[in-house]
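Top line first, the protein sequences correspond to chains A and B. For the first sequence, the positions run 1 to 219 when the working numbering is used. For the second sequence, the positions run 220 to 384 when the working numbering is used.
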Amino acid sequence: MWKKIYAWLDERLGLNDIYKATLDRPEPRGNWWNTLGSASLFLFVLQGITGIFLSVYYTPSPDHAYDSIQYIMTGVSFGWLIRGIHHWGASLMVLVVFIHMLRVFVTASYKYPRELTWLIGVGLLLVTVFMGFTGYLLPWNQKAYWATTVGTQIAGSVPFIGDFILKTLRGGPALSALTLQRFFAAHIWILPAMLAGLIGVHLFLIIKHGESQFPNKED
Amino acid sequence: MAGSHNINRRDFVKLTTVAVGTVIGAAIGLPAIGYLISPALRAGGKDAWVSIGTLDKIPIGEPYAFSFTRTQVNGWERTATSYGGFVLRKSEAPEDMVILSSRCTHLGCQINWHADTQAYVCPCHDASFDINGAVIDGPPPRPLDVYTEFKVDDAGNLQIHVKEG
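Shown next as structure tokens:
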């Protein structure tokens, strides 16, 4: 019965092919350093899920942002857990993505035919860092406010167009409700959409080319 | 001992994965559900005596509209909710009156008194109630709610007992 249903679905969806391509790939050599990409992907999904849950209560307005987070921490069942996972997961994700990049660099896995996988990976690291930067403002506490003041000021030190960049980031010359709102939009819509798209291409290329052989003494 | 208790390596790994996955799923899934439904499980139902007007200003024989506001803490904010109703004094006797809620029993819109047709009419779905709150026409399942507990204090203020849902 179940075999029949599975066969029917497999014929139309190609489940076996997907399984073989994604989970039954040959690995050149068992090595834990090769799992960092999967760890990054896991953290992305974890941040996505906990982020969606936080958006149930969080309000991106100067009047309510801080209070709504206080409410998540003290008023909602397990709110401390969801926010805690999102908070620590964010730091961990930046760390894991960065170590993943170091691994690819050290094992020279960025060479032919994986140059584009590498470039997209660099893009993924940058977007991940921007996720961290925009998410940092959302609690709207003193640390968040001044960190964003300093961060946008640094971006504003670019020659000639610095002032324009600063105003674009802040939505005006000063940190305001506009800043909080656009950081929120970037954090939950723009950057995650970019991440998801880039991850899709990244994964496709990995499945297409397979894992790279580690260099040995002859190389 | 090559009996039925043997389990091969692949099946063991599968079984362990499913078991560990179930435990992790429950450990994360149950708090997640609790997080979402948490506000629905708050204890509500505060009650209070609310003054709705002085008795000698309320006419006899025709509905007198009143309204009052109650504030409640919802999450990180205080929310003010307006309530309204109609007092109908039937005679000089202070206890001879009907106090109706203006909340339509159909889907909660605010009803209005139409003196020309002598009916309470709900603007949402054309429900109408008579002067005592009984359904004349339309979809409402029951008559208008009545504030049964009321009293007149020493200063002549009419007070009703309000229970918040």
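Where is the CB? At the ideal position from N, CA and C, for every residue including glycine.
C-alpha distance - residue i paired with residue j, whole-angstrom precision
i                     : j                     : result
residue 147 (chain A) : residue 59 (chain A)  : 20 Å
residue 233 (chain B) : residue 243 (chain B) : 15 Å
residue 302 (chain B) : residue 309 (chain B) : 23 Å
residue 167 (chain A) : residue 299 (chain B) : 38 Å
residue 239 (chain B) : residue 231 (chain B) : 12 Å
residue 312 (chain B) : residue 325 (chain B) : 32 Å
residue 236 (chain B) : residue 249 (chain B) : 20 Å
residue 22 (chain A)  : residue 207 (chain A) : 7 Å
residue 185 (chain A) : residue 381 (chain B) : 42 Å
residue 366 (chain B) : residue 296 (chain B) : 28 Å
residue 26 (chain A)  : residue 210 (chain A) : 8 Å
residue 75 (chain A)  : residue 42 (chain A)  : 29 Å
residue 7 (chain A)   : residue 241 (chain B) : 26 Å
residue 360 (chain B) : residue 338 (chain B) : 17 Å
residue 322 (chain B) : residue 267 (chain B) : 18 Å
Neighbourhood of residue i by C-beta, 7 Å cutoff - its chain only, sequence neighbours within 5 removed
i                     : result
residue 71 (chain A)  : 57
residue 437 (chain B) : No answer is possible for residue 437 (chain B): it lies beyond the span of chain B, which begins at 220 and ends at 384.
residue 202 (chain A) : 117, 120, 121, 124
residue 108 (chain A) : 215
residue 96 (chain A)  : 36, 39, 40, 43
residue 47 (chain A)  : 86, 89, 90, 93
Cutoff 8 Å: residue i Cβ touching any chain B Cβ
i                    : result
residue 53 (chain A) : yes
residue 92 (chain A) : no
residue 82 (chain A) : yes
residue 67 (chain A) : yes
residue 78 (chain A) : yes
residue 45 (chain A) : no
Any C-beta of chain A under 8 Å from that of residue i
i                     : result
residue 254 (chain B) : yes
residue 257 (chain B) : yes
residue 246 (chain B) : no
residue 313 (chain B) : no
residue 251 (chain B) : yes
Cβ neighbours of residue i in the same chain (closer than 8 Å, five flanking residues each side left out)
i                     : result
residue 66 (chain A)  : 139, 140, 141
residue 278 (chain B) : 308
8 Å contact criterion, which residue i and residue j should meet: CB distance rounded
i                     : j                     : result
residue 254 (chain B) : residue 99 (chain A)  : Wrong, their Cβ atoms sit about 31 Å apart, outside the cutoff.
residue 260 (chain B) : residue 306 (chain B) : Actually they are not in contact, since the Cβ atoms of residue 260 (chain B) and residue 306 (chain B) sit about 36 Å apart, beyond 8 Å.
residue 274 (chain B) : residue 340 (chain B) : Contact flag wrong, Cβ pair sits at about 27 Å.
residue 155 (chain A) : residue 175 (chain A) : Contact doesn't hold; Cβ gap of about 13 Å is too wide.
Pick from the options that is closest to residue i, judged by C-alpha positions
i                     : options                    : result
residue 132 (chain A) : A:151, A:117, A:118, A:120 : A:151
residue 368 (chain B) : B:260, B:273, B:269, B:258 : B:269
residue 192 (chain A) : A:219, A:177, A:127, A:12  : A:127
residue 177 (chain A) : A:69, A:61, A:145, A:102   : A:61
residue 114 (chain A) : A:15, A:171, A:161, A:205  : A:205
residue 281 (chain B) : B:334, B:323, B:345, B:355 : B:334
Close beta carbons around residue i, own chain, < 6 Å, minus the five adjacent residues each side
i                     : result
residue 50 (chain A)  : 82, 85, 86
residue 364 (chain B) : 320
residue 80 (chain A)  : 73
Neighbour list for residue i in chain C, Cβ cutoff strictly below 8 Å
i                    : result
residue 71 (chain A) : Any reference to chain C falls outside this structure, whose protein chains are A and B.
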